[in-house]
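Numbering (our numbering), first residue to last: 1 to 961. Virtual Cβ for every residue (Gly too), placed ideally from N, Cα, C. Remarks on the structure that follows.
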């Protein structure tokens with residue numbers, strides 16, 4: 001009898017296993033490469049311990065949540081499956097719980113599937129958001145992410161689960177639970193940004209007004225607790241839905257379209273699960289005092305009368321009833337007593353919350369609070385005003401009241417030489433336009449921004465030892481290369497760095513109306529020169545503005561990765577018709593000498609050419625994160641580096657860690673914020689707390705960086721210092737040459753001035769009535785009406801003897817145009833960071849920027865000249881209208897630029913000055929000021945030049961007798 005030939009064994013299982021192993025290896029290789037490159041990036045600064053600490057915290061959190069959750073929920077699912085199998089042929093239970101007919105059964109099953117899909121979707125969306133940004137403010141409110149939960153995602157998951165649940169219920173639910181646990185563990189792990197400050201919270205030294213708990217609980221611990229409770233609740237609902245689906249959706253129930261109810265054994269298995277959910281919900285409601293202080297619904301921010309007298313008691317009662325329900329489910333009691341004692345609290349809690357939120361609270365607000373709102377809400381308004389001013393650093397604003405004279409005299413001008421000599425005539429926008437025409441030199445260079453700063457140039461205008469300038473870095477934009485030159489080699493190995501910068505005085509211009517330069521041009525034609533018109537010699541300019549070899553490998557704008565030095569020379573700058581090349585001389589970067597490092601970099605950057613190019617040497621370094629904001633954010637993501645970096649050129653020889661041959665550094669500011677400061681009114685970005693405690697310095701050549709503590713009193717920063725002490729240095733350790741250039745960041749000043757528009761008022765009645773709300777005035781800038789932007793000035797503040805560098809913004813009443821005051825931020829020591837609010841009398845009319853602009857347009861001589869320029873084919877560009885205190889009065893200055901309609905090169909052609917009574921336009925500021933005060937206007941002249949009322953209906957000010 002012939003022996004049958006054995007059939008070949010099927011290869012599909014082996015193929016599937018092989019593919020799974022290959023996928024796992026590729027995933028491990030990808031993850032390993034990313035981790036290795038991140039490690040090497042931190043290692044270049046000797047900050048590996050910081051990264052290791054972050055990794056260990058996340059790994060521990062993920063392992064704890066996933067491991068504990070798997071042990072509890074998968075075991076619970078297995079118990080439910082075992083009871084389902086045992087009860088498949090068992091008789092109907094006596095005294096069943098949750099008996100369902102056909103319609104109810106279908107509705108419950110659909111609801112459970114939707115609950116399962118919704119909980120899973122929530123956890124995955126939460127995890128995804130925290131992976132993208134661990135400092136996501138949405139997690140503070142727990143389920144706030146539900147408003148962004150895509151309905152299609154929930155419906156798609158629910159639809160995708162239906163068939164597998166019918167065919168393979170246990171396997172499908174296991175996979176679903178595992179996916180939910182992975183989402184929960186990832187959300188908690190990536191929430192290290194919340195857990196670390198919660199564990200290491202530094203006390204504020206002040207209790208909140210409701211519970212007396214230190215403010216650190218609400219600011220630093222509440223967000224972490226909200227994240228934990230929201231994840232626990234979502235995961236608990238997913239687990240309960242899975243167990244109920246497994247229990248209710250057994251074969252006999254589906255075939256008969258009837259569920260006979262839960263047996264005693266099934267009830268005993270499910271009771272601890274329901275009790276755990278009740279405990280989580282109770283804890284969530286127990287946080288109601290802190291939640292309401294952050295997100296109450298009173299007339300002011302925070303908890304109001306209805307919140308504290310209606311919502312809070314009901315939510316705390318809800319928490320107590322939930323705890324009683326949990327105890328009743330867990331304690332073994334006689335069955336009849338248990339059912340009555342457990343179901344009654346459940347029914348009560350199900351009704352109390354809708355009543356409190358939907359019925360009682362609106363009724364109390366409508367019939368009790370609104371008729372006497374001011375009297376009832378006064379204590380809570382006081383809390384909100386005090387908390388908002390403190391949270392945004394407004395409680396120490398120094399307020400002074402001035403009553404300026406109507407008009408200026410020669411004695412006023414003589415009393416403020418430091419202010420007049422440094423009046424800013426060049427704005428950043430026209431100067432950048434001029435730079436791009438005169439100093440860009442090649443298409444691939446760009447001037448992204450121009451920063452106002454001061455340097456020790458002892459000229460005629462530097463009476464207090466400093467000259468105000470505009471400094472702008474000449475950065476490289478590799479995307480502007482010609483299409484044929486935009487190769488991988490050129491973008492990453494050749495065109496790797498910007499070169500040089502320009503420095504211009506803000507208060508001078510040439511005979512042709514173009515800006516003057518202390519520093520300009522490139523290469524051998526580049527020069528550092530004095531400006532005789534300002535009394536500054538070449539020697540003084542070279543001493544104050546060192547240049548050296550100004551290769552800018554790290555920039556303020558977007559910059560792709562670069563590899564240097566290599567066998568390919570890097571472009572440095574153009575020299576006539578030729579190009580000058582150089583090599584990177586820095587020591588910071590990721591070494592590509594090792595084949596493993598190259599492999600990791602190729603995977604990290606998704607660039608296989610790194611493996612095959614022959615251009616690398618043993619000294620080649622990979623320069624990542626070359627945009628300074630991104631570089632600092634990667635190192636310290638708990639700080640917000642949103643200010644515009646500004647370039648400083650200074651000699652810092654002898655300072656620890658600084659290279660004596662390097663002169664160019666980027667300075668920018670790090671902010672701490674919170675969305676959960678109790679009773680603080682959030683700004684338009686949702687922030688309730690804001691500080692600027694960190695000054696950052698980045699070497700523009702090799703990317704070294706330093707973080708200096710500017711405000712050691714900030715409890716949020718002190719918490720992060722406890723976590724990463726090696727990252728920070730005291731401000732006293734900053735080189736003095738750089739310390740002289742720190743300034744109040746404009747982004748911080750914008751936030752504080754926006755809050756001050758309403759919160760300059762501390763009287764509750766005035767605040768409630770809205771009688772004294774301010775606004776930021778508008779002006780004509782260029783050709784458009786725009787809100788006035790804060791501007792830097794060197795001026796003598798009221799009551800001070802010296803001129804100083806300040807950031808200033810005027811204010812007007814809401815929906816009116818007259819001037820009511822201005823806010824100044826001081827930048828020079830020993831008053832750095834101080835805010836001065838100057839208020840003008842409300843019973844007198846002082847012209848605001850919008851009114852001055854209208855009057856300039858109505859002046860016959862000025863308006864005729866404006867019209868003539870426009871008719872001759874030129875385009876008029878109006879600069880910032882500056883409002884300056886000079887002597888006993890106010891001076892308004894507006895520079896006028898002219899551009900050809902076919903050319904973007906602006907020239908400064910006139911300066912308009914006014915004291916609100918006389919309007920003068922001249923070619924120079926000095927001549928305009930001389931004409932302004934040469935003679936006071938007579939009554940006859942005033943009558944002859946009388947102007948109609950202003951466009952907003954405000955009458956013109958009457959002359960003083």
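In terms of Cβ geometry, residue 57 and residue 195 form a close pair [threshold 9 Å]. Annotated three-state conformation of residue 915 is coil, per DSSP. The stretch 674–682 makes no contact with the stretch 559–573, as fewer than three CB pairs between them are under 8 Å.
Selection 930, 898, 914 and 926 evaluated against residue 433 yields 898 as nearest (Cα-Cα). Fully contained in the stretch 787–866 are the following alpha helix (DSSP H) runs of length 4 or more, in chain order: 849–858.
Closest in alpha carbon position to residue 917, among 202, 222, 543 and 405, is 405.
Boundaries of the alpha helix (DSSP H) around residue 539: 538–544. Per DSSP, residue 894 is one residue of the beta strand (DSSP E) stretching across 889–900. Contact annotation: residue 723 and residue 37 have beta-carbon atoms that are not nearer than 9 Å.
The beta carbon of residue 293 lies closer than 7 Å to those of 208, 210, 218, 302, 303, 678 and 679 in the same chain, with the five residues before and after it left out. Close CB contacts of residue 539 within its chain, under the 8 Å cut and outside five residues either way in sequence, are with 530 (chain order).
One alpha carbon belongs to residue 740, the other to residue 278, and they sit about 59 Å apart. Three or more beta-carbon pairs separated by less than 8 Å link the stretch 427–445 to the stretch 887–906, which places the two stretches in contact.
Setting aside the 5 residues that flank it on each side, residue 598 is surrounded in the same chain by 592, 610 and 611, each with a C-beta closer than 7 Å to its C-beta; the list follows chain order.
As a beta-bridge residue in DSSP terms, residue 689 pairs with 674. Here DSSP, grouped into helix, strand and coil, assigns residue 467 to strand. Distances from the alpha-carbon of residue 660 to those of 735, 631, 645 and 682 put 735 closest. Residue 565 sits buried, since 16 or more C-beta atoms from the chains shown fall within 10 Å of its C-beta.
Straight-line spacing of the CA atoms in residue 452 and residue 788 works out to 17 Å. Within 10 angstroms of the beta-carbon of residue 21 lie fewer than 16 other beta-carbons, which makes it exposed.
Taking all protein chains shown into account, residue 14 has fewer than 16 neighbouring C-beta atoms within 10 Å of its C-beta and is therefore exposed. CA-CA distance, residue 497 to residue 445, rounds to 10 Å. Shown here, residue 652 sits in coil according to DSSP, grouped into three states, outside any helix or strand.
Straight-line measurement puts the Cα of residue 893 at about 32 Å from the Cα of residue 557. With fewer than 16 other Cβ atoms inside 10 Å of its own Cβ, residue 150 counts as exposed. Contact between the stretch 231–247 and the stretch 114–123 is present: three or more C-beta pairs spanning the two stretches fall below 8 Å. Beyond the five residues adjoining it in sequence on each side, residue 920 comes within less than 6 Å, by CB distance, of 913, 928, 931 and 932 in the same chain, given in chain order.
Secondary structure within the stretch 715–744: the alpha helix (DSSP H) runs of 4 or more consecutive residues, fully enclosed, are 715–723 and 736–739 (chain order). Of the residues 924, 657 and 553, the one whose Cα lies closest to the Cα of residue 622 is 553. Under the three-state reduction of DSSP output, residue 209 falls in the coil class, being neither helix nor strand. Distance from the CA of residue 572 to the CA of residue 549, rounded to the nearest whole angstrom, comes to 10 Å. With fewer than three CB-CB distances shorter than 8 Å, the stretch 849–869 does not count as touching the stretch 800–808. Residue pairing for residue 551: DSSP places it in a beta bridge opposite 499. In the DSSP secondary-structure assignment, residue 56 is not bridged to any residue. Taking a C-beta distance under 9 Å as the contact criterion, residue 757 and residue 786 do not qualify as a contact pair. Take the alpha-carbon of residue 666 and the one of residue 545: they are about 15 Å apart.
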